[in-house]
Amino acid sequence: MRPNTDELRVASFADLDTTTLYRLLELRCTVFVVEQEAAYLDIDGRDLEPATRHVWVARYGVPVAYLRVLGEPDGGMRVGRVVVAKEARGSGVAGRLMDTALELVGARPSVLDAQSHLAGFYGRYGYTVSGPGFLEDGIPHVPMARG
1 MRPNTDELRV ASFADLDTTT LYRLLELRCT VFVVEQEAAY LDIDGRDLEP
51 ATRHVWVARY GVPVAYLRVL GEPDGGMRVG RVVVAKEARG SGVAGRLMDT
101 ALELVGARPS VLDAQSHLAG FYGRYGYTVS GPGFLEDGIP HVPMARG
């Protein structure tokens, strides 16, 4: 059995090296655009914002899970772009990401748009459905809020 070499990392955009940035964007594209067939512009400019924190788990140096935490105009926070590589699903990495996201959010209110089938997962972190469901790129989502 191989030892667990998962490393949790957090960085601002300015602190990301080009190889890591490439691999994070590759992971997002692989899951969202290719696997889920959601053809949308993933690179939306928000990754660059100074307050944005990129959170990921690297396994043997390669990102296998990712999310970003963003500041919102109302002073709250947004968790987004939560993604786990197919080979890492069920290994607990999404929970590690969410634990870290909540540490970054602190006591501030936060929101996220969850794929509907994952609402229960986010519910374990204190999020509740906060509005009607909607389709995003043909995938059912629900808005969720915490705090």
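In UniProt numbering, the protein residues as written are 1 to 147.
Note that beta-carbon positions come from the ideal geometry of N, C-alpha and C, so glycine has one too.
In this text the structure is predicted, and so the values were computed from the model without any measurement.
- Taking the Cα positions, residue 48 is about 21 angstroms away from residue 30.
- Residue 147 and residue 106 have their alpha carbons spaced roughly 10 angstroms apart.
- Out of 125, 61 and 37, the CA that lies nearest to the CA of residue 136 is found in 37.
- Distances from the alpha-carbon of residue 111 to those of 83, 73 and 42 put 73 closest.
- Three or more beta-carbon pairs separated by less than 8 angstroms link the segment 54-68 to the segment 5-21, which places the two stretches in contact.
- Closest by C-alpha distance to residue 57, out of 103, 102, 10 and 15, is 10.
- Counting every other CB atom within 10 Å of its CB across the protein chains shown gives residue 34 a total below 16, marking it as exposed.
- For residue 7, the uninterrupted beta strand (DSSP E) run begins and ends at 6-11, by DSSP.
- Taking one beta carbon from each stretch, the segment 39-54 and the segment 86-99 have fewer than 3 pairs nearer than 8 angstroms; the two do not touch.
- Residue 89 and residue 65 have their C-alpha atoms spaced approximately 9 angstroms apart.
- For the 7 angstroms CB-CB criterion, residue 84 and residue 77 do not form a contact.
- Look at residue 23 here: in three-state DSSP terms it is helix.
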